[in-house]
Ligand code: M6R
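Numbering (this note's numbering), first residue to last: 330 to 939.
Below, the structure written as structure tokens:
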């Protein structure tokens, strides 16, 4: 989704901003722009399309200045088409202020009318131009005051940076509902909506909270609320390095992240499996462990892949911890009138920790009295900070838009939490230890699955021309079927349905035509025999069967056209292995179709608007 990078200090700002924009590309965008200051007035250039288009534009204009202060933006269109005119930065009609903005100004129509009545002229369809115009309208020689005055009038969300033509050394940034991080260097500040654009400059950061702002100039740095009350902020260390967010020889981030999973899961488990004592260690929850063990109900909230991980969690919490659990689409939960009784725990699952719907659902649950827990990857993200307690994934930065390693990390964390509760309630030590051993084996078992990448590429290329695919599973593998279908849809643009296998005959079976690929997750477990029956129903109608099955399952090779194998593990942990062939199938099918795997059309990595 939209990205902001801004800088004030002693470096040549233009290459720094362009590099920063490229680090934000993975979030998804459709136009980009840059503003360079340093002398009275500023230089603004914008372009629809990729950052390379903006770059060529700047190359052609040899006159582009090389100031020491500036800001740039990648836009993911919400209000108005992805055109040059709608791209950020936006200025007011007197060219007094320039603004880049993530988020949505909800009352922009009313403000636009007010400003139009005052004689201001708009050129774009965006809500951000309205914000820039409002700041310009209030400007009386002090940018900070003008930004504060404007922000008192707006409803909605923002992460913003503003520059003033008459204050060539000042950068003003503010946040409400859309992340903004300030990297603190030596006499310099790099502000970005995402730490990925900061870590090459500094790992020392300040996270702005909602309704906070900062005024930055070379070597000086003030933080306050938008009501101008000074706030003292702690400088913190970012967790990941630049090397972790580079490709390291892989053609795409997605395949890099798929192959990183054994290491990522080992990191996620590190320090949490105490094999000597035979116990799970989750330090982040210690303060609330009594409430958690006594929980009467769990509500899991998330979107997309995180929601699928939540569905696996539902099985884990009910099966192992015996706590009634519901999984909610965060976007639905926030607008319902949810019933939260005493003893309810709300768990927000989010890789980025910034998904707007998940954050809003979390706040709703908290307001109604739930104890809130976060299962989040990005340290210091908004969801991580707003939950009462939480467990980080520690799977490293996930850059590919299609979530892969975060899914497995989310399941591992849910399993650890479910086991912690289970052991305090009903689970024997020997059963717990069996789980711990099984978890410990997962990274190596993942390596074995990933070795089939070439075979999976061949299967994918055989069916990548087919426009409709089915993904079917039962029990713990039903959410995996949904996840397999989502992966294929989002990066290859092939239509795919994920379903519980038995639901087929209640309607979707009508879709099957000869040659249609149907992927069954058919590992041995409680519903294995029933799933074999479902395969026969689909095969009888001419579908081609791709089965994900256990090594050594001779029976399945007689019914399936292709078999992708996974090692045996305890049934509740199967999703950690069965999802891998599906991630690879989606990846190879998308590459075969010539799709831009890491930047799929219309998609954003972190969905920070409703
Ligand atoms: O950052 P989050 O985990 O909160 O993101 C939730 C979804 O937007 C995300 O999982 C999305 O569905 C991915 N594109 C899936 O690959």
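Where is the CB? At the ideal position from N, CA and C, for every residue including glycine.
For this session: Could you pull out every residue in the same chain whose Cβ sits closer than 6 angstroms to the Cβ of residue 393, ignoring the five residues on either side in sequence?
Result: 387
Exercise. Which residue from 527, 562, 526, 523 puts its Cα closest to that of residue 542?
Worked result: 562
For this session: Please report the Cβ distance between residue 362 and residue 418, rounded to the nearest whole angstrom; I am assuming they are in contact, meaning their Cβ atoms lie under 8 angstroms.
Result: 5 angstroms
For this session: Answer yes or no: the CB of residue 590 versus the heavy atoms of the ligand M6R, is any distance below 7 angstroms?
Result: no
Exercise. When you compare each of 925, 649, 557 to residue 901 by their alpha carbons, which one comes out closest?
Worked result: 649
Exercise. What is the C-beta distance between residue 934 and residue 356, in whole angstroms, given that I count them as a contact (C-beta under 8 angstroms)?
Worked result: 4 angstroms
Exercise. On the three-state DSSP scale, how would you describe residue 657?
Worked result: strand
Problem set entry | C-alpha gap between residue 678 and residue 761, whole angstroms | 24 angstroms
Exercise. Which word fits residue 839, buried or exposed, when buried means at least 16 other C-beta atoms lie within 10 angstroms of its C-beta?
Worked result: exposed
Exercise. Looking at C-beta atoms only, is the number of pairs between the stretch 687 to 697 and the stretch 718 to 732 that lie closer than 8 angstroms three or more?
Worked result: no
Exercise. What span of residues does the beta strand (DSSP E) with residue 541 cover, start to end?
Worked result: 541 to 546
For this session: Report the rounded CA-to-CA distance for residue 488 versus residue 676, giving the unit in angstroms.
Result: 25 angstroms
Exercise. Between which two residues does the alpha helix (DSSP H) containing residue 622 stretch?
Worked result: 618 to 622
Exercise. For the ligand M6R, is there a heavy atom less than 7 angstroms away from the beta-carbon of residue 935?
Worked result: yes
Problem set entry | Through-space distance from residue 928 to residue 582, alpha-carbon basis | 10 angstroms
Problem set entry | 8 angstroms CB neighbourhood of residue 804 in its chain, flanking five on each side removed | 644, 854, 855, 856, 900
Problem set entry | Same chain only: Cβ atoms within 7 angstroms of residue 749, ignoring 5 sequence neighbours per side | 609, 611
Exercise. Can the beta-carbon of residue 642 be found less than 8 angstroms from the beta-carbon of residue 568?
Worked result: no
Exercise. Expressed to the nearest angstrom, what Euclidean distance is found between the alpha-carbon atoms of residue 825 and residue 882?
Worked result: 26 angstroms
Exercise. Across which residues does DSSP place residue 419 in a beta bridge pair?
Worked result: 428
Exercise. Between the stretch 705 to 712 and the stretch 663 to 670, do at least 3 Cβ pairs fall closer than 8 angstroms?
Worked result: no
Problem set entry | Buried versus exposed call for residue 925 [16 or more other C-beta atoms within 10 Å across all chains shown] | exposed
For this session: Using 7 angstroms as the cut-off, classify the Cβ of residue 660 as near or not near the heavy atoms of the ligand M6R, replying yes or no.
Result: no
For this session: Kindly indicate which residue of 625, 339, 908 has the alpha-carbon position closest to the one of residue 549.
Result: 339
For this session: Measure the alpha-carbon distance for residue 827 versus residue 441 and round it to whole angstroms.
Result: 44 angstroms
Exercise. Can we say the stretch 759 to 777 touches the stretch 589 to 597, given the rule of at least three CB pairs closer than 8 angstroms?
Worked result: yes
Exercise. Is any heavy atom in the ligand M6R found nearer than 7 angstroms to the beta carbon of residue 741?
Worked result: no
For this session: Could you round the C-beta distance between residue 528 and residue 571 to whole angstroms and report it? I think they count as a contact, below 8 angstroms.
Result: 5 angstroms
Problem set entry | Alpha-carbon spacing of residue 383 relative to residue 909, whole angstroms | 37 angstroms
Exercise. Is DSSP giving residue 870 helix, strand or coil here?
Worked result: coil
Problem set entry | Cβ pair residue 462, residue 444 closer than 8 angstroms | yes
Exercise. Taking C-beta to C-beta, are residue 524 and residue 510 nearer than 8 angstroms?
Worked result: yes
Exercise. Count the other CB atoms within 10 Å of the CB of residue 808; is the residue buried (16 or more) or exposed (fewer)?
Worked result: buried
For this session: Using DSSP bridges, identify the partner residues of residue 364.
Result: 373, 400
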